[in-house]
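Inspection log for the structure reproduced underneath, given as structure tokens.
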Amino acid sequence: RPVNIPRREKDFQGMLEYKQEDELKLVKNLILELKPRGVAVNLIPGLPAYILFMCLRHADYVNDDQKVRTLLTSTINSIKKILKKRGDDFETVSFWLSNTCRFLHCLKQYSGDESFMKHNTPKQNEHCLSNFDLAEYRQVLSDLAIQIYQQLIKCMENILQPMIVSGMLEHETIQGVSGVKPTGLRKRTSSIADEGTYTLESILRQLSAFHSTMCQHGTDPELIKQVVKQQFYIIGAVTLNNLLLRKDMCSWSKGMQIRYNVSQLEEWLRDKSLMMCGAKETLEPLIQAAQLLQVKKKTDEDAEAICSLCNCLSTAQIVKVLNLYTPVNEFEERVSVAFIRTIQTRLRDRCETPQLLMDTKVIYPVTFPFNPSSLALESIQIPGSLNLGFLTRV
Amino acid sequence: TRPASRPRILLKAPTLQEMEEMNIFEDEDSP
Numbered sequence: 580r581p582v583n584i585p586r587r588e589k590d591f592q593g594m595l596e597y598k599q600e601d602e603l604k605l606v607k608n609l610i611l612e613l614k615p616r617g618v619a620v621n622l623i624p625g626l627p628a629y630i631l632f633m634c635l636r637h638a639d640y641v642n643d644d645q646k647v648r649t650l651l652t653s654t655i656n657s658i659k660k661i662l663k664k665r666g667d668d669f670e671t672v673s674f675w676l677s678n679t680c681r682f683l684h685c686l687k688q689y690s691g692d693e694s695f696m697k698h699n700t701p702k703q704n705e706h707c708l709s710n711f712d713l714a715e716y717r718q719v720l721s722d723l724a725i726q727i728y729q730q731l732i733k734c735m736e737n738i739l740q741p742m743i744v745s746g747m748l749e750h751e752t753i754q755g756v757s758g759v760k761p762t763g764l765r766k767r768t769s770s771i772a773d774e775g776t777y778t779l780e781s782i783l784r785q786l787s788a789f790h791s792t793m794c795q796h797g798t799d800p801e802l803i804k805q806v807v808k809q810q811f812y813i814i815g816a817v818t819l820n821n822l823l824l825r826k827d828m829c830s831w832s833k834g835m836q837i838r839y840n841v842s843q844l845e846e847w848l849r850d851k852s853l854m855m856c857g858a859k860e861t862l863e864p865l866i867q868a869a870q871l872l873q874v875k876k877k878t879d880e881d882a883e884a885i886c887s888l889c890n891c892l893s894t895a896q897i898v899k900v901l902n903l904y905t906p907v908n909e910f911e912e913r914v915s916v917a918f919i920r921t922i923q924t925r926l927r928d929r930c931e932t933p934q935l936l937m938d939t940k941v942i943y944p945v946t947f948p949f950n951p952s953s954l955a956l957e958s959i960q961i962p963g964s965l966n967l968g969f970l971t972r973v
Numbered sequence: 016t017r018p019a020s021r022p023r024i025l026l027k028a029p030t031l032q033e034m035e036e037m038n039i040f041e042d043e044d045s046p
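Going down the list, the sequences are from chains H and W. Here the first sequence stands for residues 580 to 973, where the numbers follow the numbering used here. Here the second sequence stands for residues 16 to 46, where the numbers follow the numbering used here.
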């Protein structure tokens with residue numbers, strides 16, 4: 580009688596065999612019904628992508644082009660379907676963005692193309708696809724990843740948008756700076772308002788939540804950097820636009836508050852080792868507007884200093900801030916019409932669009948730099964919780 | 016390991032849109 584002895588890991592070739600008729604069950608259990616917040620929390624990052632790739636390797640190994648084609652089509656359509664259904668859930672979108680990228684990286688890493696094999700172990704090189712060149716499918720997956728990225732940005736924007744004006748402009752954390760309200764009164768009113776009001780702390784907490792979700796899903800570090808840059812752009816653009824439309828936000832003390840808030844955002848970047856991702860630079864127009872609120876605005880020298888300081892603001896934006904500037908105590912004064920004229924004259928020759936408000940809907944182009952994995956496919960085990968008992972490790 | 020001399024066959028891929036049109040979930044989706 581045969582005795583069931585478990586195979587040793589080194590005997591596996593990093594493939595998963597499945598019957599054609601089980602393909603729908605595979606995508607159903609692994610993509611459509613997988614809950615990122617439930618079972619998936621304990622999985623190794625990118626496991627669904629590795630499992631799908633190991634199935635694909637087997638279809639390639641048995642030289643079945645139809646099986647390869649239908650698996651890729653079912654995978655891509657299932658990811659699109661789940662994102663249509665749960666596209667407003669940040670966790671779902673982040674989970675499938677990272678898995679789509681991992682699947683794409685696997686298709687490159689094991690393509691047999693030498694440019695993608697530089698970091699492979701000899702064993703990984705043995706695991707390259709044998710029969711098919713899937714370069715065209717890689718392009719389709721990259722298009723899909725772009726779509727998911729854009730969905731992730733929209734999703735994140737929907738969550739952040741309502742927090743920005745309140746947290747960056749309205750809520751005052753520096754006590755006693757604003758001269759118009761007695762401290763005691765402000766404290767009382769803000770404690771009532773606070774119940775439904777977002778603070779800078781809420782924004783920072785939300786940024787940390789986004790970041791930790793993406794890390795948990797094994798999102799490529801280079802991709803996280805691009806998401807964070809986009810988040811900071813939205814925060815900067817929405818804040819600046821509101822400042823440009825509200826007289827009550829154009830005072831010396833608001834300038835102080837904004838600079839403090841920006842410093843806290845920078846501190847958050849430092850804490851997450853993201854100082855070099857280009858996020859801080861997207862806040863430059865806001866930083867300059869805050870500085871403009873605080874510098875002297877009287878003499879020709881002041882005008883010259885403002886013109887060289889505010890190189891990220893358009894003339895229309897500079898003039899608008901100066902026009903809206905409102906003194907809140909006796910030490911400050913309105914900006915004179917003559918001073919604003921001087922500024923306009925000095926900036927006359929600047930080549931720029933007469934843009935007042937920033938476009939908050941701009942999305943920076945995304946890239947998915949190749950990020951090979953050191954994980955050995957033959958070592959991957961499938962947890963029973965995924966209900967994929969019909970797959971056989973080969 | 017596959018022999019280096021044997022080239023892999025390029026599988027032509029449909030676009031994302033074309034893939035959606037071959038909806039594999041047709042039965043499940045219809046009312």
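Every residue gets a Cβ at the ideal spot worked out from N, C-alpha and C, and that includes glycine.
Which residues DSSP lists as bridging residue i, in chain order
{"i": "residue 712 of chain H", "result": "W:25"}
{"i": "residue 596 of chain H", "result": "H:971"}
Residue i, enclosing alpha helix (DSSP H) - first and last residue
{"i": "residue 638 of chain H", "result": "626 to 640"}
{"i": "residue 895 of chain H", "result": "894 to 903"}
{"i": "residue 865 of chain H", "result": "863 to 873"}
{"i": "residue 911 of chain H", "result": "Premise fails: residue 911 of chain H is in no alpha helix (DSSP H) and is neither H nor E."}
{"i": "residue 960 of chain H", "result": "Segment: none, residue 960 of chain H is in no alpha helix (DSSP H) and carries neither H nor E."}
{"i": "residue 879 of chain H", "result": "879 to 888"}
{"i": "residue 604 of chain H", "result": "602 to 606"}
{"i": "residue 934 of chain H", "result": "Per DSSP, residue 934 of chain H belongs to no alpha helix (DSSP H) and is neither H nor E."}
{"i": "residue 749 of chain H", "result": "Element bounds for residue 749 of chain H: n/a, residue is neither H nor E."}
Cβ-based neighbour list, residue i, same chain, cut-off 8 Å, excluding 5 preceding and 5 following
{"i": "residue 637 of chain H", "result": "594, 595, 596, 597 and 973"}
{"i": "residue 820 of chain H", "result": "936, 937 and 939"}
{"i": "residue 933 of chain H", "result": "893, 894 and 895"}
Where residue i falls: helix, strand or coil (DSSP)
{"i": "residue 644 of chain H", "result": "helix"}
{"i": "residue 622 of chain H", "result": "coil"}
{"i": "residue 706 of chain H", "result": "coil"}
{"i": "residue 827 of chain H", "result": "helix"}
{"i": "residue 616 of chain H", "result": "coil"}
{"i": "residue 940 of chain H", "result": "coil"}
{"i": "residue 789 of chain H", "result": "helix"}
{"i": "residue 689 of chain H", "result": "coil"}
{"i": "residue 699 of chain H", "result": "coil"}
{"i": "residue 781 of chain H", "result": "helix"}
{"i": "residue 591 of chain H", "result": "coil"}
{"i": "residue 734 of chain H", "result": "helix"}
{"i": "residue 30 of chain W", "result": "coil"}
{"i": "residue 722 of chain H", "result": "helix"}
{"i": "residue 680 of chain H", "result": "helix"}
{"i": "residue 820 of chain H", "result": "helix"}
{"i": "residue 950 of chain H", "result": "coil"}
{"i": "residue 850 of chain H", "result": "helix"}
{"i": "residue 797 of chain H", "result": "coil"}
{"i": "residue 808 of chain H", "result": "helix"}
{"i": "residue 834 of chain H", "result": "helix"}
{"i": "residue 929 of chain H", "result": "coil"}
Neighbourhood of residue i by C-beta distance below 6 Å, restricted to the same chain and skipping five residues each side
{"i": "residue 782 of chain H", "result": "742 and 746"}
{"i": "residue 777 of chain H", "result": "742, 745 and 746"}
{"i": "residue 707 of chain H", "result": "689 and 691"}
{"i": "residue 946 of chain H", "result": "none"}
{"i": "residue 665 of chain H", "result": "671"}
{"i": "residue 931 of chain H", "result": "893"}
{"i": "residue 873 of chain H", "result": "831 and 834"}
Residues near residue i in its chain [Cβ-Cβ closer than 7 Å; skip 5 each side]
{"i": "residue 717 of chain H", "result": "683, 686 and 687"}
{"i": "residue 704 of chain H", "result": "696"}
{"i": "residue 32 of chain W", "result": "none"}
{"i": "residue 615 of chain H", "result": "670, 671 and 674"}
{"i": "residue 914 of chain H", "result": "876, 901 and 904"}
{"i": "residue 761 of chain H", "result": "With a pLDDT of only 40 at residue 761 of chain H, under the threshold of 50, the placement of this residue in the model should not be trusted; the figure read from the coordinates follows. Same-chain partners within the cutoff: there are none."}
{"i": "residue 736 of chain H", "result": "813"}
{"i": "residue 856 of chain H", "result": "804, 807 and 808"}
{"i": "residue 646 of chain H", "result": "599 and 638"}
Supposed contact pair residue j and residue i - C-beta distance, whole angstroms, cut 8 Å
{"i": "residue 967 of chain H", "j": "residue 605 of chain H", "result": "7 Å"}
{"i": "residue 723 of chain H", "j": "residue 623 of chain H", "result": "So it is not a contact: roughly 22 Å between Cβ atoms."}
{"i": "residue 882 of chain H", "j": "residue 918 of chain H", "result": "6 Å"}
{"i": "residue 611 of chain H", "j": "residue 677 of chain H", "result": "Actually they do not touch by this definition, with Cβ atoms about 17 Å apart."}
{"i": "residue 625 of chain H", "j": "residue 681 of chain H", "result": "4 Å"}
{"i": "residue 652 of chain H", "j": "residue 727 of chain H", "result": "About 17 Å; that fails the 8 Å criterion."}
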